[in-house]
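Okay, so here's the structure we're looking at.
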Amino acid sequence: MVCRVVRYTAAAACAVGVVPSTLWAGTVPPPEVELIPFATGVARCSDIYPVPGSPGHYFIAEQRVGSSSTARVRLWDRTNDTSTIFAELPTISTQGPQGLLAMTVDPDYVSNGMIYVNYTDFAGSSRIARYQRSAADPTVADPSSFEIMLTIPQLGPTHNAAWLDFGPDGYLYIGTGDGGNGGDVNNNAQNLSNGRLLGKLLRIDPHGGVPGVTFYGIPADNPFAGTANDEEIWAYGFRHPWRCAFDSLTNDLYIADVGDATWEEINFQPASSTGGENYGWHCREGEFPSHPDDCVPGTAFVEPIYTYPHVATGEPFRCSVIGGEVYRGSAIPELQGYFFFADYCSNEVKAIRHHDGVTDLMDLTAQLAGCDIDLTTITGFGLDEDGEMLILARGSGNIYKVVPVCGPDLNHDGVVDFKDLNEALEYWGETDVSDDADGDCDIDFDDLNILLEAWGTPCS
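Heads up: the sequence shown begins at 8 in the numbering used here, then just goes up one per residue.
In structure tokens form, the structure reads like this:
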């Protein structure tokens, strides 16, 4: 891994129009973790979200159903592994990566029953829409409640971006790509007033609209509120922000932005931000100039906290950063405050933490590999209802959960007992099993001996 983080002096930063963002602390040894299946047979899963107030239930967004122009939000009951259709979008685009790309749940879902979706319609435009839970049947959305809040015309079927979530301030944040043309030839990401809202991070008040007129309001403290610029903009200069995440403890925001020909990057916005930052594209890719003729000399850019190249000697080919979530669960203390991310081509999984102007990196790829683990084509991350990390692997149709290693605890319930013995006997002799006690991928007498030695002990 090549990491390029520049230590700027204040004078040098002003000279090149760059806002220094970080110092590089280095790579931190990862904890002993592994993956276990969380959900299997999930076709084209683009997002997952626990249902507030309903333990064991999750919303799962399906990008599209087969080759049809239909996408779905499914309601999955993990306790008995059954799912039903909560909401259906019948007229989506099926080009390339388009479809139902992201969803989130209203902070007041228990009382108002609202979910929000980010999808591309049949014409290829990005839409932000919402549904409300049916009053008669809480397992489905009321079709008549469907509202299209915002439509963003796209220039092509890629770089439409796919993230939306509520911030700690209660407003809805939306990531948008630059529109899909190579190199952002229209310089949409730097344009603040063309009405296209492309290459931006938007911030709106979904409950602040004027009935019968608008479906959302503009927060009064948005950086361009009351100006001739597009008032929805919170930050700009993005190419394709594929997943962002707020840290639930610090309220800081991590932004994974897909690069162009050479570099992938992760950006950071502190909780103290008042918005208006320019993160560089298409004037910069990673930490380097790009299309300088289209950019105003002296413009200040916020540098990424981490970049990595597509090609590096002796390392796998990488192509597209996949952002994730910030870990604040309780099972793996060593991961507290780390933002998970992956690469779409190399299937590597890493985690980064930015604190006090310093950035730390963990490479979890080797720890998460397993005999029956298939992380092909990672498209996103999620959190379970306890805040533990989930990884969405579209290639295998599986969702995995990151858990601490405890070899003899084969069923991962926290204690070594008869349930683990039964699991060992069920898979006895198989040679492609990651849930074995000694980590050699088969179940045999070595595993049985380890299991019996640890009998009755809790996993810690």
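Using N, Cα and C, we set each Cβ at its ideal position, and we do this for glycine too.
In or out: residue i buried (at least 16 other Cβ within 10 Å) or exposed?
i	result
Cys290	buried
Gly73	exposed
Ala431	buried
Asp447	exposed
Thr221	exposed
Trp462	exposed
Leu256	exposed
Ser133	buried
Ala252	buried
Gly218	The sequence given here places Pro at residue 218; Gly does not occur at that position. Pro218 should be labelled exposed.
Gln70	buried
Ser297	buried
Ser28	Any reading at Ser28 needs caution, since the residue's pLDDT is 47, under 50, leaving its predicted position unreliable; the model's value is listed next. Ser28 should be labelled buried.
Cys413	buried
Ile385	buried
Phe245	buried
Glu292	buried
Ala319	exposed
Pro277	exposed
Ile155	exposed
Asp88	exposed
Thr486	Given that the chain is displayed from residue 8 to residue 467, the structure contains no residue 486 and the question cannot be resolved.
Thr383	exposed
His362	exposed
Less than 8 Å between the C-beta atoms of residue i and residue j, yes or no?
i	j	result
Leu205	Gly184	yes
Ile262	Glu239	no
Ala242	Gly202	no
Val112	Phe66	yes
Leu458	Pro415	yes
Leu371	Thr34	no
Glu549	Thr306	With the chain running from 8 to 467 in the structure shown, residue 549 is simply not present.
Asp84	Gly60	no
Leu96	Ala78	yes
Thr47	Thr91	no
Ile450	Asp439	no
Gly55	Leu397	Going by the sequence as given, residue 55 is Ile instead of Gly. Result yes, Cβ atoms of Ile55 and Leu397 sit closer than 8 Å.
Glu332	Glu310	no
Tyr123	Leu157	no
Phe408	Ile43	The sequence as given places Lys at residue 408; Phe does not occur at that position. Yes. Within cutoff.
Arg81	Arg401	no
Asn229	Ser200	no
Arg325	Phe346	no
Asn405	Asp381	yes
Trp270	Asp191	no
Ala3	His247	Absent from the model: residue 3. The displayed extent of the chain is 8 to 467, so no value can be given.
Roughly how far, in whole angstroms, is the beta-carbon of residue i from the beta-carbon of residue j, given that I think they are within contact range, below 8 Å?
i	j	result
Gly387	Ser53	7 Å
Gly330	Phe348	5 Å
Glu41	Gly377	6 Å
Gly215	Pro114	With 8 Å as the limit, Gly215 and Pro114 do not qualify as a contact, their Cβ atoms being about 14 Å apart.
Gly186	Asn195	5 Å
Pro57	Asp391	6 Å
Val356	Trp249	15 Å between Cβ atoms; not a contact.
Gly344	Asp267	At roughly 30 Å, the Cβ-Cβ gap does not stay under 8 Å, so Gly344 and Asp267 are not in contact.
Ala68	Ala148	Contact doesn't hold; Cβ gap of about 13 Å is too wide.
Asn125	Ile135	6 Å
So does residue i have its beta carbon nearer than 7 Å to some heavy atom of the ligand MN?
i	result
Glu239	With respect to the ligand MN, the structure shown offers nothing to examine, as it has no ligands at all.
- Item | Whole alpha helix (DSSP H) elements within the region 114-142, 4-residue minimum | 116-119
- Query: Is it a yes or a no for the region 330-343 touching the region 294-308, going by three-plus beta-carbon pairs under 8 Å?
  - Reply: no
- Are the region 102-117 and the region 158-167 in contact at 8 Å, needing three or more beta carbon pairs? yes
- Task: Would you check if there are 3 or more beta carbon pairs closer than 8 Å linking the region 136-151 to the region 165-172?
- Result: no
- What are the complete beta strand (DSSP E) segments, minimum 3 residues, inside the region 239-295? 240-243, 248-253, 260-264, 270-276
- Task: For the region 137-190, list the beta strand (DSSP E) runs that are entirely contained and at least 3 residues long, ordered along the chain.
- Result: 148-159, 170-173, 179-182
- beta strand (DSSP E) runs contained entirely in the region 371-418, provided each spans 3 or more residues: 385-390, 396-400, 405-411
- Entirely enclosed beta strand (DSSP E) segments - the region 189-228, minimum 3 residues: 207-211
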